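Shown next, in structure tokens, is the structure this report addresses.
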Amino acid sequence: MKAVRLLAVVAAVSGIVAVSLSSASALAVQAGSLGSYTISSACTASTLTVSSINVTGNNTSTVLISNVPAACRGLALQLTVYGAVGAVRGTATTTTTDLGTTTTVALDTTIHLNQVKGVALAIDGSGINTTWAG
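Next comes the structure, spelled out in structure tokens:
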């Protein structure tokens, strides 16, 4: 009885090995080249402040980004406002101001300030350190 079981196990393992080898031999290999990408650094290492403006009843749809350095001016920005458990409360895509150190951003929705837990900011595709001032 043990010999029959051993023979069955050996046959099963042999079948698996044969299928694996035949599958590997069917893989196609193609010549090609790898692309290269340029990774740009952020326009600033400083922390920018995001604060609410035009507040009505503890709600707003407009925020102000402060301390925008000259190197970041005129560049595309993406802002995401987060609530509890990482839930997105509002977003905006626009361009930083060409002049001055502040940029006013209109969000895609009205946010309740008590629900805001943080913000994420990217300028010209690079993540920027931010602080939420409420």
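Going left to right, the sequence shown walks through residues -28 to -1, 1 to 106 as mature numbering (1 follows the signal peptide of the UniProt record, and there is no 0) numbers them. Virtual Cβ for every residue (Gly too), placed ideally from N, Cα, C. Bear in mind the structure is a predicted one, so any value in this text is a computation, not a measurement.
Practice task
Can you give me the Cβ contacts of N39 inside the same chain, cut-off strictly under 7 Å, excluding the 5 residues immediately before and after it?
Solution key: S18, L20, T21, T73
Handout entry: Residue nearest to D80 in terms of C-alpha spacing, selected from K89, V53, L71, V88
Key = V53
Handout entry: Rounded straight-line distance, which links the Cα of A48 to that of T69
Key = 10 Å
Practice task
Buried or exposed for A62, please, with buried defined as at least 16 other CB atoms from any protein chain shown within 10 angstroms of its CB.
Solution key: Note that residue 62 is Gly in the sequence shown here, rather than Ala. Label assigned to G62: buried.
Handout entry: Those runs of the beta strand (DSSP E) which lie wholly inside the region 39 to 89 and span at least 3 residues
Key = 48 to 54, 60 to 67, 75 to 84
Practice task
Could you check what DSSP says for A105 in three-state terms: helix, strand or coil?
Solution key: It is coil, neither helix nor strand.
Practice task
Assign G97 to one of three DSSP states: helix, strand, or coil.
Solution key: coil
Exercise for the section: Give every residue of the same chain whose Cβ lies closer than 6 Å to the Cβ of T67, excluding the five residues on either side of it in the sequence, and list them in chain order. Expected result: A48
Problem - Own chain partners of T16 with C-beta closer than 7 Å, once the 5 adjacent residues on each side are dropped - result: P41, A43, C44, I100
Practice task
Identify the continuous beta strand (DSSP E) that holds T19 and give its terminal residues.
Solution key: First-last for T19: undefined, no H or E at that position.
Practice task
State the CB to CB distance for the pair N31 and T76, rounded to an integer number of angstroms; the pair is presumed to be in contact (CB under 8 Å).
Solution key: Actually they do not touch by this definition, with Cβ atoms about 17 Å apart.
Handout entry: Candidates V91, G97, S98, of which the one nearest L36 by Cα
Key = Taking each of V91, G97, S98 in turn and checking the Cα distance to L36, the smallest one comes out for V91.
Practice task
Check whether the Cβ atoms of A78 and T34 lie closer than 8 Å to each other.
Solution key: Contact: yes.
Handout entry: L71, buried or exposed, once every other Cβ within 10 Å from all chains shown has been counted against 16
Key = exposed
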